[in-house]
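Okay, so here's the structure we're looking at.
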Amino acid sequence: MEVCVNSTKLLNLNQNTRLFVPRYSISHSFKNPILQFNNNVQKRPLNYPLNQRSCFSRQIRSLQRPISSRIKASPASSATSGAETDKLPADIMVTETQEPNSRVRLSVEVPAAVGEDCYKRVLKEFMKQAKIPGFRPGKIPESVLLNYVGEESVQKATVESILKRTLPHAMSTVTGRALRDSVRIITKFSDMEKSYSSLSSLSYDVIVDVAPEVKWISENGYKSMKIVVEIDHDIEAEKACEQEIKRRHKSLGTLKIVTDRGLQVGDLAVLDISATTIDQDESNVQKVPAAESKGFQFDTEDDDKVLPGFLDSIIGIRQGETKSFPYVFPETWQQENLRGVEAQFTVECKELFYRDLPELNDSIADKLFPGCTDLNQVKESLLQKCQEMEQAAKDQATDNAILDQLCKMVEIDIPQSLFEEQGRQLYGARLLEIQANVKLNEQQLATLSSPKAVNEFLENQRENIINLIKQNLAVGDIFKRENLQFSTEELVKEVQNSVAEFKRHKQEYDEERVREQVQDVLEGAKVLEWLKEHADIQYVTR
Numbered sequence: 000m001e002v003c004v005n006s007t008k009l010l011n012l013n014q015n016t017r018l019f020v021p022r023y024s025i026s027h028s029f030k031n032p033i034l035q036f037n038n039n040v041q042k043r044p045l046n047y048p049l050n051q052r053s054c055f056s057r058q059i060r061s062l063q064r065p066i067s068s069r070i071k072a073s074p075a076s077s078a079t080s081g082a083e084t085d086k087l088p089a090d091i092m093v094t095e096t097q098e099p100n101s102r103v104r105l106s107v108e109v110p111a112a113v114g115e116d117c118y119k120r121v122l123k124e125f126m127k128q129a130k131i132p133g134f135r136p137g138k139i140p141e142s143v144l145l146n147y148v149g150e151e152s153v154q155k156a157t158v159e160s161i162l163k164r165t166l167p168h169a170m171s172t173v174t175g176r177a178l179r180d181s182v183r184i185i186t187k188f189s190d191m192e193k194s195y196s197s198l199s200s201l202s203y204d205v206i207v208d209v210a211p212e213v214k215w216i217s218e219n220g221y222k223s224m225k226i227v228v229e230i231d232h233d234i235e236a237e238k239a240c241e242q243e244i245k246r247r248h249k250s251l252g253t254l255k256i257v258t259d260r261g262l263q264v265g266d267l268a269v270l271d272i273s274a275t276t277i278d279q280d281e282s283n284v285q286k287v288p289a290a291e292s293k294g295f296q297f298d299t300e301d302d303d304k305v306l307p308g309f310l311d312s313i314i315g316i317r318q319g320e321t322k323s324f325p326y327v328f329p330e331t332w333q334q335e336n337l338r339g340v341e342a343q344f345t346v347e348c349k350e351l352f353y354r355d356l357p358e359l360n361d362s363i364a365d366k367l368f369p370g371c372t373d374l375n376q377v378k379e380s381l382l383q384k385c386q387e388m389e390q391a392a393k394d395q396a397t398d399n400a401i402l403d404q405l406c407k408m409v410e411i412d413i414p415q416s417l418f419e420e421q422g423r424q425l426y427g428a429r430l431l432e433i434q435a436n437v438k439l440n441e442q443q444l445a446t447l448s449s450p451k452a453v454n455e456f457l458e459n460q461r462e463n464i465i466n467l468i469k470q471n472l473a474v475g476d477i478f479k480r481e482n483l484q485f486s487t488e489e490l491v492k493e494v495q496n497s498v499a500e501f502k503r504h505k506q507e508y509d510e511e512r513v514r515e516q517v518q519d520v521l522e523g524a525k526v527l528e529w530l531k532e533h534a535d536i537q538y539v540t541r
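Going letter by letter, the sequence shown gives residues 0 to 541 in numbering that gives the first Met the number 0.
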């Protein structure tokens with residue numbers, strides 16, 4: 000499945016989680032945010048030891064569940080699914096109260112007749128099981144049985160019986176709306192016991208999340224969307240092709256130590272970098288942690304990936320030399336807390352190298368691109384690949400721009416259980432990404448999978464999670480409104496492909512869940528295709 004790091008850079012992950020809308024995830028980088036950006040993540044399958052793989056899948060299995068299945072496939076709730084609706088001797092009274100976040104409170108009043116009937120059933124079951132000397136099973140007097148079993152035990156069992164028999168009836172009022180696994184009886188069991196013992200009747204409150212309603216700010220606004228898509232100039236095929244040839248040429252060279260001069264463009268330097276804020280009051284001077292780096296490998300030909308003007312400030316520095324210079328962070332810098340900050344940078348050059356490169360001619364064509372005999376073939380082959388990547392990035396950027404706008408076009412009261420479920424799904428995908436890049440032991444996996452870690456993620460990513468849910472639900476609503484469809488053949492083919500991927504990487508899977516996830520992806524693809532056909536799309540290069 001393709002997922003997007005930003006609007007133009009693609010990252011490929013094979014993950015157990017599929018979202019409503021394809022190609023979405025969260026980027027994660029261990030790079031220095033000031034000095035370098037991880038813009039070119041290579042496609043690779045998940046690859047970790049089998050013993051860790053099985054351990055890891057167990058750790059994250061509880062974090063992942065298709066969100067759509069909880070909304071689409073719930074007749075009432077999994078709390079009551081499978082339980083037959085037992086006929087009651089009298090009707091219960093259920094009062095429904097709407098609460099915030101698409102939540103419903105059900106106040107259930109159970110008449111004494113139902114309590115009495117449950118009490119008789121409980122006694123009958125105890126009589127069958129109890130073995131009291133001098134009495135045959137089923138023929139034990141009530142008073143003797145109560146003394147033997149204990150009145151408190153019988154009372155607890157009766158309250159449990161009342162709940163078991165009446166809850167399905169109460170939940171029938173939200174049939175088709177309740178979200179799976181969201182039902183909670185909020186009345187304390189001890190309070191129900193007291194109520195039953197004194198009145199022989201019972202009342203309790205149930206809270207359940209229901210499928211949220213998608214409210215369009217403009218009813219048919221999605222049918223005529225105006226989209227402006229920003230495209231990074233780095234993905235333009237011609238420029239990307241030139242950069243790739245240059246990169247491959249550089250990889251054929253050897254690094255040699257510079258001994259008789261300072262740093263110049265084309266060199267590679269190993270730097271120790273630190274920075275502090277500038278303030279007249281020295282007591283207010285603080286370190287800038289995001290700018291600190293030890294052993295930073297700086298390729299001077301990649302100066303566009305570091306602070307603007309950073310290279311100019313250290314040009315000419317020699318091995319073993321230290322330079323200090325003031326710097327004002329640009330107002331457009333991506334880290335808001337550093338915009339406009341005046342800082343004093345200190346840079347020590349630990350090592351300095353230059354590249355000894357072979358001449359760029361036809362003789363190295365096969366090394367630049369296997370199978371090519373001259374530079375023209377190399378350029379043609381690479382240009383074709385870059386054009387494919389450019390189109391893929393353009394399509395991805397378009398999808399993202401449409402989804403971002405959809406999010407702003409709807410108002411949705413999101414249930415807490417749905418928020419947590421989507422957040423856990425994203426966190427599971429994040430763990431997969433981390434595990435694909437870093438070998439984690441069982442203790443690290445346990446720490447990352449702990450409730451504390453998950454809750455911190457949910458809080459930090461609250462806005463992103465809410466936006467994603469809004470996008471997903473908006474897409475699902477459009478699919479229904481416009482009567483869009485996909486063929487059975489498409490579904491079967493995609494399910495087979497997904498199952499094959501899981502098997503290839505020896506990962507556990509639930510075929511029913513995979514099918515639900517594939518349906519979500521196909522729905523999302525159909526909706527995006529429909530929206531692009533009906534939208535006014537303008538592309539702007541940045």
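Glycine residues also receive a C-beta, built at the ideal position from the N, C-alpha and C atoms.
All values derive from a computational prediction rather than experimental measurement.
Given a length threshold of 4 residues, each whole run of the alpha helix (DSSP H) inside the segment 375–455 is given here in chain order: 415–436, 441–447. Taken through DSSP and simplified to helix, strand or coil, Val517 comes out as helix.
Here Ala400 is buried. Its C-beta has 16 or more other C-beta atoms within 10 Å. Look at the beta carbons and you see the segment 109–121 touching the segment 189–202: at least three pairs across the two are nearer than 8 Å. DSSP, read as helix, strand or coil, puts Arg102 in strand. One alpha carbon belongs to Thr299, the other to Asp266, and they sit about 6 Å apart. Rounded to whole angstroms, the separation of the alpha carbons of Asp278 and Thr345 is 16 Å. Judged by beta-carbon spacing, Leu490 lies within the 9 Å limit of Val517, meaning their Cβ atoms are closer than that value. Ranked by how close their Cα comes to the Cα of Val287, the residues Phe309, Gly252, Glu341 have Glu341 in first place. Leaving aside the five residues that flank Leu367 on each side, the residues in its chain whose CB is nearer than 6 Å to its CB run, in chain order, Arg247, Val377.
If you ignore the 5 residues before and after Glu419, its C-beta comes within less than 8 Å of the C-beta of Leu457, all in its own chain and listed in chain order. Look at Arg135 here: in three-state DSSP terms it is coil, with no helix or strand label.
By the CB criterion at 9 Å, Leu87 and Arg164 fall inside the cutoff.
Judged by pairs of C-beta atoms under 8 Å, the segment 206–223 touches the segment 175–182, as three or more such pairs exist.
In the displayed model, Met191 falls within a helix according to three-state DSSP. Boundaries of the alpha helix (DSSP H) harbouring Gln470: 461–480, taken from the DSSP string.
For Trp215, the secondary structure class from DSSP, reduced to helix, strand or coil, is strand. Nearest to Met408 by C-alpha distance, out of Leu472, Ser448, Pro357, Lys245, is Leu472. Pro211 is a Cβ neighbour of Ile413, given a cutoff of 9 Å. Note that the C-beta distance between Val269 and Phe297 is below 9 Å.
Contact between Thr157 and Val107 is ruled out by a C-beta separation of about 16 Å, above the 8 Å threshold.
Excluding its 5 nearest sequence neighbours in each direction, Asp398 has C-beta neighbours in its own chain below 6 Å: Leu527, listed in chain order. For secondary structure counted as the beta strand (DSSP E) over 3 or more consecutive residues, the segment 195–256 holds these complete runs in sequence order: 201–208, 225–230, 253–256.
Unbroken beta strand (DSSP E) stretches of 3 residues or longer found wholly inside the segment 278–357: 292–298, 321–327, 341–355, given in chain order.
The Cβ neighbour count for Lys119, taken over all protein chains shown within 10 Å, is under 16; the residue is labelled exposed.
Less than 9 Å divides the Cβ of Ser497 from the Cβ of Val513. Spatial neighbours of His168 in its own chain (CB-CB distance under 7 Å, excluding positions within 5 residues in sequence) are listed in chain order as Thr84, Leu87, Ile91. Distance from the CA of Val284 to the CA of Thr276, rounded to the nearest whole angstrom, comes to 5 Å.
In the three-state reduction of the DSSP assignment, Thr84 falls in the coil class, being assigned neither a helical nor a strand state. Taking the CA atoms as reference points, Cys371 sits about 38 Å from Gln506. In the DSSP annotation of this structure, the continuous segment of the beta strand (DSSP E) that includes Asp271 starts and ends at 267–276.
Between Glu192 and Lys138, the gap from beta carbon to beta carbon reaches 9 Å or more. Annotation for Tyr538: the continuous beta strand (DSSP E) segment containing it runs 535–540. The Cβ atoms of Phe328 and Ile256 do not sit closer than 9 Å to each other.
A direct Cα-Cα distance of roughly 16 Å separates Ile433 from Gly422.
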